[in-house]
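See below for the structure under consideration.
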Amino acid sequence: MKNNTAFVLLAGGKSERMGTDKGLLKFQENYWILEQLNRISESTIQEVYIGLGFHSQNYFNTIPWLKDALTDFVSYKNLKVKVVINNVPELGSFSTLKTVLKVVPKKSTIILNHIDIPILNTAELNKIISTENDVVIPHFKNKNGHPIKLSADIWNTLLDLDVTKADTRLDIQLKKINPIKISTVEVFDRAITLNLNSKNDWNSFLENQ
Numbered sequence: 001m002k003n004n005t006a007f008v009l010l011a012g013g014k015s016e017r018m019g020t021d022k023g024l025l026k027f028q029e030n031y032w033i034l035e036q037l038n039r040i041s042e043s044t045i046q047e048v049y050i051g052l053g054f055h056s057q058n059y060f061n062t063i064p065w066l067k068d069a070l071t072d073f074v075s076y077k078n079l080k081v082k083v084v085i086n087n088v089p090e091l092g093s094f095s096t097l098k099t100v101l102k103v104v105p106k107k108s109t110i111i112l113n114h115i116d117i118p119i120l121n122t123a124e125l126n127k128i129i130s131t132e133n134d135v136v137i138p139h140f141k142n143k144n145g146h147p148i149k150l151s152a153d154i155w156n157t158l159l160d161l162d163v164t165k166a167d168t169r170l171d172i173q174l175k176k177i178n179p180i181k182i183s184t185v186e187v188f189d190r191a192i193t194l195n196l197n198s199k200n201d202w203n204s205f206l207e208n209q
């Protein structure tokens, strides 16, 4: 049976603190964005939408098939991958998210993750995917993290938001949702709380692999 959940992977940032594009960092002889896709491919997900913005050409130069994915889905492992470019990445990650959501099928549930947050282990990722509620958030030792699952009813409302306004952030929007529509999933993988923003963050992460 087809999984109606699409994965949205945001990689449109400027990566100023890292000093290089995060998705193109090397991880065990692979590029980090491909490692993230490898992890997704081991779950029940079948479709992935990648949001690029700043330095998208660097991604295309390094991984040429990503450019092909601009016009149609490209097969990678057991995934169908589509790339979407945010032409105004200076407006922030929410603007990249909104740009991607415009091309996601309106009835799909989404799983949302940022390129600088390692995707957690397959079993717990599948647990997030299979948990039924409008919003599903992983929880590790009193901390919420990513990836976050959003029902079609929830994420479609985000399309109406003005990305230039200060409160147009996902965390703020989630606080406006009736708590009964939100489920937390306890996980044992601390990856959900990591945020690999700097070289020190990245090197520390590599040392623990």
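In terms of the numbering used here, the sequence shown has 120 at position 120, counting the first letter as 1, and numbering is strictly consecutive.
Using N, Cα and C, we set each Cβ at its ideal position, and we do this for glycine too.
(message) Bridge partners for tyrosine 31 per DSSP, in chain order?
(response) Residue pairing by DSSP places tyrosine 31 opposite Lys26 in a beta bridge.
(message) So within the region 44 to 120, which uninterrupted beta strand (DSSP E) runs reach at least 3 residues, ignoring any that extend past its ends?
(response) Entirely contained in the region 44 to 120, the beta strand (DSSP E) runs reaching 3 residues are, in chain order, 47 to 52, 74 to 76, 79 to 85, 109 to 114.
(message) Cutting at 6 Å between CB atoms, please list the residues of its own chain near aspartate 189, excluding the five before and the five after it.
(response) Apart from the 5 residues on each side of it in sequence, aspartate 189 sits with its Cβ closer than 6 Å to the Cβ of Leu120, Asn121, Glu124 in its chain, given in chain order.
(request) Give the range of the beta strand (DSSP E) segment to which lysine 149 is assigned. (result) In the DSSP assignment, lysine 149 falls within the beta strand (DSSP E) that extends over 148 to 150.
(message) Looking only at its chain, what residues have a beta carbon closer than 8 Å to the beta carbon of histidine 146, apart from the 5 residues adjacent to it on each side?
(response) Result list for histidine 146: Leu112, Asn113, His114, Ile117, Pro138, Ile192, in chain order.
(message) If you reduce the DSSP assignment to three classes, tell me which class threonine 229 lands in.
(response) The question about residue 229 has no answer here: the residues shown for the chain are numbered 1 through 209.
(message) Output needed for methionine 1: all residues of its chain with C-beta closer than 6 Å, excluding positions within five of it in sequence on either side, in chain order.
(response) Low confidence applies here, because methionine 1 scores a pLDDT of 41, under 50, leaving its location unreliable; read the following figure in that light. Answer for methionine 1: no residue qualifies.
(request) Scan the region 152 to 186 and note each continuous beta strand (DSSP E) run of 3 residues or more that stays entirely inside, going in chain order. (result) Runs of the beta strand (DSSP E) inside the region 152 to 186: 182 to 186.
(message) Which same chain residues end up closer than 7 Å to asparagine 156 when comparing Cβ atoms and leaving out the 5 residues on each side of it in sequence?
(response) Excluding residues within five positions, the ones whose Cβ falls inside 7 Å are Lys106.
(message) What does the alpha-carbon distance come out to for the pair aspartate 134 and proline 179?
(response) Those two C-alpha atoms are separated by around 10 Å.
(request) Find the nearest neighbour of valine 163 within the set Lys98, Glu186, Asp201, judged by alpha-carbon distance. (result) If we check each option's Cα against that of valine 163, Lys98 comes out closest.
(request) Would you kindly check if the distance between the Cβ of leucine 159 and the Cβ of lysine 102 is under 9 Å? (result) Going by C-beta atoms, lysine 102 is nearer than 9 Å to leucine 159.
(request) Could you say which of Ile128, Gly19, Tyr76, Lys67 lies nearest to valine 84 if we only look at CA atoms? (result) For the options Ile128, Gly19, Tyr76, Lys67, the alpha carbon positioned closest to that of valine 84 is the one of Lys67.
(request) Look at the alpha carbon of threonine 109 and the alpha carbon of glycine 19, and state the distance between them as a whole number of angstroms. (result) Cα to Cα, the separation comes out at about 34 Å.
(message) Using a Cβ-Cβ cutoff of less than 7 Å, which residues in the same chain neighbour arginine 169 once the five nearest sequence positions on both sides are dropped?
(response) Residues Phe94 of the same chain have their beta carbon placed closer than 7 Å to that of arginine 169, with the five preceding and five following residues left out of the count.
(message) According to DSSP, is phenylalanine 140 part of a helix, a strand, or is it coil?
(response) In the three-state reduction of the DSSP assignment, phenylalanine 140 falls in the strand class, which pools E and B.
(request) Along the alpha helix (DSSP H) that carries leucine 206, what are the first and last residues, could you check? (result) Leucine 206 -> alpha helix (DSSP H) spans 199 to 207.
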